[in-house]
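Q:
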Ligand code: 6PG
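This is how it looks when you write it as structure tokens:
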């Protein structure tokens, strides 16, 4: 079965669709006196989304006090380092939006990776509801790398997809940089999983992942797409051009 796909004329419109969805979900949670627990990714595509969310309309209309930010993955660097996923989110969005400090749960990239994976996993157990032995996010926002990675689960770390831990340490295959990442079972346990993918450099990998269920053993993103059945892809026409 093909996953749910949404294709937009350009990257800005794709980001608007995800921003509107976040707005809708946050308002619904606020009306029920609940919190929207989101885990966000790093990279250039989420950055565009965060910049949009910091613009007047979303910034003033989203009930940020009902949104709690967690991270899908973090590069093991200081938060002020240019590669920090938290730092990028802070610079693009959090410094402008009225998200209370107690709603921000960053992964500490500056700490010893193995210790931080355990600390973050314990934090998820404390802060989130549980189901199937894993914490439950309301929404997980993912990207896809040219090599088919998602979160910081790379094609040579496929074991992280089925790990029994909810958070673990990964290593970037090219740079050797350590990463902290949610594992596959945590991602698959979320209520909603959204891949936001834009740009023509992603068209080849997107077509393999959306058209080829059998690619699940090669590409982490294909594994996630297969497992949940509920993962939705928000793309621009450039990323979708080979579908
Ligand atoms: C990261 C990620 C990673 C990212 C993809 C896509 O920290 O790098 O969370 O999984 O989402 O690599 O990144 P781009 O949007 O930059 O292509």
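Numbering (our numbering), first residue to last: 385 to 627.
Don't be surprised by glycine CBs; every beta carbon is placed ideally from N, CA and C.
(1) Residues in its own chain within less than 8 Å of residue 393 by CB, not counting five upstream and five downstream?
(2) How many angstroms separate the CA atom of residue 449 from the CA atom of residue 594?
(3) Taking 7 Å as the cut-off, is the C-beta of residue 609 nearer than that to any heavy atom in the ligand 6PG?
(4) Which residue comes first and which comes last in the beta strand (DSSP E) that contains residue 563?
(5) Is it buried or exposed, residue 410, if we count other Cβ atoms within 10 angstroms and call 16 or more buried?
(6) Tell me, please, which residues DSSP counts as bridged to residue 470.
(7) Apart from the five residues on each side of it in sequence, which residues of its chain come closer than 7 Å, Cβ to Cβ, to residue 642?
(8) Alpha carbon to alpha carbon, how far is residue 550 from residue 515? Give it in angstroms, no decimals.
(9) Pull up the distance between the alpha-carbon of residue 458 and that of residue 400, whole angstroms please.
(10) Does at least one heavy atom of the ligand 6PG sit under 7 Å from the Cβ of residue 515?
A: So, from the listed chains and residues:
(1) 620 and 621
(2) 35 Å
(3) no
(4) 562-566
(5) buried
(6) Paired residues: none, contrary to the question.
(7) Because the chain is modelled from 385 through 627, residue 642 falls outside the range shown and cannot be assessed.
(8) 12 Å
(9) 24 Å
(10) no
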